[in-house]
Structure formats: C-alpha cells, structure tokens
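In my numbering, the protein residues as written are 448 to 585.
Ideal Cβ positions, reconstructed from N, Cα and C, are used throughout, including at glycine.
The structure appears right after this line, and notes come after that.
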C-alpha cells in the first residue's frame, strides 16, 4: 500500500482517530459519520463496494449520528446517539457479535443484543461494551 498525502484543512474534521492493524477510522466532530481508510480485506473500512485498499478517508455507510468508536485489529465498533451499537469488519471470532463464523460485515450493522451502551472499546479480537448500571458485555 502506498501512502496518500492529504493536505491539512481538506476533508472532514475528526474528534477521534483510531488505528487497527492495517486500517484507521476517524469520528467526525459533528457526528456526520465515521470515515475509514486502509486495508479492507475484512470489510473493516465499511466501504462495501471494494475488497481492496481504501486509499482516502471514505465514509462508512450507515454511520451518521455515531458518537464513539473503537477500532480493533480488523473490525470497528461504534455507539450511536440513540444507544444502538454498530459493528463492521471481521467477524470469524465474533468480533462483531452475532455475525457468525467467517462473516465479513462490509458495512455498519446494528448489534441488537447490545443496545443502550454508554462506552465501547475493543482489543485485537474482542470488544467491551459498558452499559448502565456498571455492566460489561461481549
């Protein structure tokens, strides 16, 4: 993969940027969505139209209103303003819960059993959702 230079001041403004193994995502400061770039072999950029690398920040479909992100090795977990939890990317180790063995979620999908989260975080191949009152799920 060849690096692409983007001039400062061009494109979306991010309030949070996180990196996975070979991809990264940025949460827009105005909650218009999550932009991702880099490797996309597991669907981890949310750019469902391509399996190849995404060389410039591209909005992940269905991420308007996201207020927090957690970027894992090959997947992304996001919390929307309404409390719903979204996930996309690798799913063969249940990174995206309910995705099923071998699944690649190529665009953001709601994880129905994880509604009402207050914080999200992820590791190499796991995720954590903090929900009120003081419970941890995943």
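Item: Identity of the residues DSSP links to residue 463 by a beta bridge; Value: 474
Item: Inter-residue spacing [alpha-carbon to alpha-carbon] between residue 525 and residue 472; Value: 11 Å
Item: Residue 547 (DSSP reduced to helix, strand or coil); Value: At residue 547 the pLDDT is 49, less than 50, meaning the model places this residue with poor confidence; the figure from the coordinates comes in the next sentence. Here residue 547 sits in coil by DSSP.
Item: Those residues which DSSP pairs with residue 556 across a bridge; Value: 534
Item: Reduced DSSP category for residue 511 - H, G, I as helix; E, B as strand; rest coil; Value: coil
Item: Residue 528 to residue 478 span [Cα, whole Å]; Value: 9 Å
Item: Cβ distance (whole Å) where residue 516 is taken to contact residue 474 below 8 Å; Value: 5 Å
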